[in-house]
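Numbering (the working numbering), first residue to last: 3 to 207.
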């Protein structure tokens, strides 16, 4: 199968690497300033050509580089996993200030929880970088999807993802109910942990 990204496959990797470096840089600055990291860890990838081709078909788009890199905006995906809820919004502040970055869409599934219990903060960003893009512009514009979560949210989402892609599973309704219960309990734990952290900081001040 021909790579849907064509000549932009290598460019995508470079754009992602540059973006990851910017995120790591502000994390280092945060550590120097406060003694605490902005996040726990990063997970990043370029969506596989096969997955992107399938997504184009699902969206009734031609499986071309233009569709993959202009019409669809998650070829680059980065997950920022944080220890505490407040860290998610701290990272967002840093992202908004990053040069060459513009937020074009955001969805707060932490304050607006999905019915199944899913919690995460999703952001689509437009990146200006020193490479030709699929429209022929140079410097070009590229898109990435960022997902910001706590460790608890990320663990739950991983389990829910396994459930979603199991086509034949026994007791599906029971598992869905249990997942929702776990999501609510983890959310309560996240809030409690944040409260304890705030109390510790207040006592230090």
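Every residue, glycine too, gets a C-beta built ideally from N, C-alpha and C.
Predicted, not measured: the structure shown is a model, and the values here were computed from it.
Delimiting residues of the beta strand (DSSP E) encompassing residue 97 = Residue mapping note: residue 97 aligns to position 95 of the chain shown, counting from 1. Residue 97 -> not in any beta strand (DSSP E); alpha helix (DSSP H) instead, spanning 87 to 99.
For residue 92, I'd like the list of residues in its chain whose CB is within less than 7 angstroms of its CB, leaving aside the five on either flank, ordered along the chain.
-> Residue numbering aside, residue 92 sits at position 90 when the chain shown is read from its first letter. Contacts found: 40.
Decide yes or no for the touch test of the stretch 34 to 52 against the stretch 92 to 109: beta carbon pairs closer than 8 angstroms, at least 3 of them.
-> yes
Sort 189, 103, 139, 158 by Cα distance to residue 177 and report the nearest one.
-> Within the chain shown, residue 177 is the residue found at index 175, counting from 1. Measuring from the Cα of residue 177, the nearest candidate turns out to be 158.
Residues bridged to residue 223 [DSSP beta-bridge criterion] = Given a span of 3 to 207 for the chain in the structure shown, any question on residue 223 remains unanswerable.
Environment of residue 4 [buried if 16+ CB atoms lie within 10 Å] | Numbered from 1 along the chain shown, position 2 holds the residue referred to as residue 4. That one is exposed.
Rounded straight-line distance, which links the Cα of residue 152 to that of residue 201 | Position 199 of the chain shown, counted from the start, is the residue given in the question as residue 201. Position 150 of the chain shown, counted from the start, is the residue given in the question as residue 152. Residue 201 and residue 152: Cα-Cα distance of roughly 19 angstroms.
How about the stretch 95 to 114 and the stretch 47 to 66: do they share at least three Cβ pairs that are nearer than 8 angstroms?
-> no
Nearest CA to the CA of residue 160: which residue from 174, 141, 181, 173?
-> As a first step, residue 160 must be located in the chain shown, where it is residue number 158. Among 174, 141, 181, 173, the Cα nearest to that of residue 160 is on 181.
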